[in-house]
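Protein chains in written order, with the UniProt record's numbering: chain A, 1 to 420; chain B, 1 to 316.
Here it is, written out as structure tokens:
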């Protein structure tokens, strides 16, 4: 009897020791939730080790989900209390909802938050701009990436205006070697994000038009929006055959295999192309419509990071977020992931030439974010979903530009009442 | 000689019988309640609530259902999804099950060689992950590098090729046929098993009476496997109205182009989990799930009362 009691005590002690061990491991460790599973390598081999040079005791686990499932999976984990300590924040409402549900902490008090401009923080603030709940990490820029060899072969140069753009496309079509413009409509979002939101800001004057749309002073049926739809509708003859069934992955492959001339791009494509394409690439900003002088680019605030309000290790999480505001992190991030541009005010030198070209547009053009993201995609029907749908249909030739504008505005009118 | 079981249980003391029943049925009841009945009831309960931005839920009765069926914003996509789902089901009933029956008939022919090989090959797609099936067919039908365009061209039918998966007119039927290709093994196997159960004497008698294989199949075998065929139809119905994965893996949650491939499963997913900037709405999603449950229940009741009772079964 005595012996069994002793044995039981021993087992208990061992178990307690084990638990204590686990607890101590937990005290100095952080888990990051993210949708950037493509970047897991870079986080594990570059970013986290760089952080650990300053804080060797904080163990960080980068635990990404697939981008498509991220929002759903994250919400489920937050509701179930199993989410990581640091949450990678989607821009605008998805993260705002988390803050309103008290699942994210405010980060205004963190050191280094003044390294970011108001525009950079806008995507992760309450509507009144008073509280920020995520530390901005990066934005992505839309434009066009082209195959320099193809341009040399047909003797084309970077188009500055839409007329020149169409002339270049026509040249490639006549030549026949390359697919003039690489973009598909099967996944729908390319037509919206790399089509409408890419060439559109020049028409609606970037932030001015975006603010007017939110204020109700402009409507999506106005000429500037219909003109943007007309422009993407005119691309159809230059797209690859069967572009209606061409997926985003198809487009990436088509271009990186050297079969396409111009690729309607987001800067996030750069790292993919760097790994696969064997030819020299260049980039040009969205060509300007006739009669416009100022240029605008879609410089979309896309990634930030916040603290899970239920985290047991907020002290270390704060240390990590404060480190994210430093130029050191910005430099590592910008160069490890060319095409994701840090949002901090301090300028960072980008080594990749295509990425450097794209971030250089910030000097000559005015930045704006996608006009469907702030406030306007809050109701039913969801403006962003609608925009994907109608943009793809416009490029497919199934919907006229006028009808597209009308469908969007009708949908918006059903629930959105601009503040007076 | 062993006593019949019914006699044994009849002689048992009540308490002992109850204990025995609990022992045998208990685990199944517990598991079934925990993982099937409870989630179902919880879903229905959730569908009578709504939540505000802070996440707090309040009871609203049947308001979600009124919105779903009465508000054009919700009812239009809902009816569109239901219509598409009916087409999806119709394609399965017209293609998957007849082909399954035909394959089973061929497999059960006496003297067919390599039976096991055919059976395995035809059942193989069923065991593949839907993601793999979706990905492969996306590649096969791709206008850029798919073999479909080249194959059609090789036989002089190149002009027939179209980017089927991307066209509003053909995307749904194409996806339905991909699903048929994948799941044709299930009706084939079930019916094949039923065909094997038919006693040889019946077939022999028919042959003696001068019937050929073809007529034996239509006049003897087919009527005898009708109960299995109707079972297969019900399974198809339930599976089709719960379908989601293939559409999601090929066309995404927005089920394009212009919602031409949106079925109840993808509609539910979008509502419950959201998409891109659309936030998930669990209470409305639960309402959609509840309606889906009742649609399937209605289908099953129709089957039970109109079909099941009229089927004659033969005991051999």
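C-beta: ideal position from N, C-alpha, C; glycine also.
Report the CB separation of residue i from residue j in whole angstroms; it is logged as a contact under 8 Å.
i                     : j                     : result
residue 360 (chain A) : residue 386 (chain A) : Between residue 386 (chain A) and residue 360 (chain A) the Cβ distance is about 33 Å, and since that is not below 8 Å, they are no contact.
residue 180 (chain A) : residue 262 (chain A) : 7 Å
residue 182 (chain A) : residue 260 (chain A) : 4 Å
residue 254 (chain B) : residue 388 (chain A) : 6 Å
residue 136 (chain A) : residue 301 (chain A) : 6 Å
residue 188 (chain A) : residue 356 (chain A) : So it is not a contact: roughly 31 Å between Cβ atoms.
residue 195 (chain A) : residue 264 (chain A) : 6 Å
residue 405 (chain A) : residue 140 (chain A) : Incorrect: roughly 26 Å between the Cβ atoms, too far for contact.
residue 311 (chain A) : residue 317 (chain A) : 6 Å
residue 35 (chain A)  : residue 70 (chain A)  : 4 Å
residue 114 (chain A) : residue 131 (chain A) : Rounded, the Cβ-Cβ distance is 15 Å, inconsistent with contact.
If the criterion is Cβ atoms closer than 8 Å, does the pair residue i and residue j meet it?
i                     : j                     : result
residue 281 (chain A) : residue 198 (chain A) : no
residue 290 (chain A) : residue 161 (chain A) : yes
residue 193 (chain A) : residue 266 (chain A) : yes
residue 368 (chain A) : residue 299 (chain A) : yes
residue 60 (chain B)  : residue 50 (chain B)  : yes
residue 371 (chain A) : residue 350 (chain A) : no
residue 285 (chain A) : residue 159 (chain A) : no
residue 20 (chain B)  : residue 264 (chain B) : no
residue 278 (chain B) : residue 377 (chain A) : yes
residue 291 (chain B) : residue 271 (chain B) : no
residue 88 (chain A)  : residue 33 (chain A)  : yes
residue 104 (chain A) : residue 133 (chain A) : yes
residue 313 (chain A) : residue 30 (chain A)  : yes
residue 275 (chain A) : residue 254 (chain A) : no
residue 261 (chain B) : residue 244 (chain B) : no
residue 421 (chain A) : residue 184 (chain A) : Since the displayed chain A opens at 1 and closes at 420, residue 421 (chain A) lies outside it and no answer follows.
Considering only C-alpha positions, which residue in the set the options is nearest to residue i?
i                     : options                    : result
residue 66 (chain A)  : A:334, A:44, A:40, A:124   : A:40
residue 280 (chain B) : A:95, A:60, A:48           : A:95
residue 363 (chain A) : A:128, A:230, A:296, A:389 : A:296
residue 192 (chain B) : B:210, B:108, B:20         : B:108
residue 283 (chain B) : B:276, B:296, B:294, B:269 : B:269
residue 310 (chain B) : B:88, B:290, B:227, B:89   : B:227
residue 46 (chain B)  : B:34, B:31, B:64           : B:64
residue 126 (chain B) : B:188, B:258, B:202, B:116 : B:188
residue 330 (chain A) : A:51, A:275, A:75          : A:51
residue 116 (chain A) : A:128, A:93, A:326         : A:326
residue 87 (chain B)  : B:174, B:62, B:52, B:57    : B:174
residue 234 (chain B) : B:134, B:148, B:139, B:186 : B:186
residue 415 (chain A) : A:28, A:397, A:382         : A:382
residue 292 (chain A) : A:174, A:239, A:365        : A:365
residue 129 (chain B) : B:298, B:302, B:156, B:246 : B:246
Report yes or no: is there a C-beta of chain B within less than 8 Å of the C-beta of residue i?
i                     : result
residue 33 (chain A)  : no
residue 377 (chain A) : yes
residue 252 (chain A) : no
residue 75 (chain A)  : yes
residue 385 (chain A) : yes
residue 93 (chain A)  : yes
Short of 8 Å in beta carbon distance, which residues of its chain neighbour residue i, apart from the five on each side in sequence? Order them along the chain.
i                     : result
residue 44 (chain A)  : 62
residue 397 (chain A) : 233, 236
residue 140 (chain B) : 146, 147, 148
Just to confirm, does residue i get its C-beta within under 7 Å of one of the non-hydrogen atoms of the ligand MN?
i                    : result
residue 44 (chain B) : In the structure on display, the ligand MN does not appear, and there are no ligands present to speak of.
Please go through the same chain and pick out, in chain order, the residues whose beta-carbon is closer than 7 Å to the beta-carbon of residue i, but skip the five residues on each side of it.
i                     : result
residue 17 (chain B)  : 9
residue 186 (chain A) : 244, 245, 246, 247
residue 10 (chain A)  : Below a pLDDT of 50, predicted positions are generally treated as unreliable, and residue 10 (chain A), at 49, falls in that range; the measurement from the model is reported next regardless. For residue 10 (chain A), where only same-chain residues beyond five positions count, there are no Cβ hits under 7 Å.
Counting contacts by CB-CB distance shorter than 8 Å, is residue i in contact with chain A?
i                     : result
residue 206 (chain B) : no
residue 84 (chain B)  : no
residue 181 (chain B) : no
residue 54 (chain B)  : yes
residue 258 (chain B) : yes
residue 213 (chain B) : no
residue 187 (chain B) : no
residue 143 (chain B) : yes
residue 267 (chain B) : no
residue 35 (chain B)  : no
residue 165 (chain B) : yes
residue 66 (chain B)  : no
residue 40 (chain B)  : no
residue 117 (chain B) : no
residue 168 (chain B) : yes
Using a Cβ-Cβ cut-off of 6 Å (strictly less than) and excluding sequence neighbours within five positions of residue i, which residues of its own chain qualify?
i                     : result
residue 213 (chain A) : 371
residue 74 (chain A)  : 33
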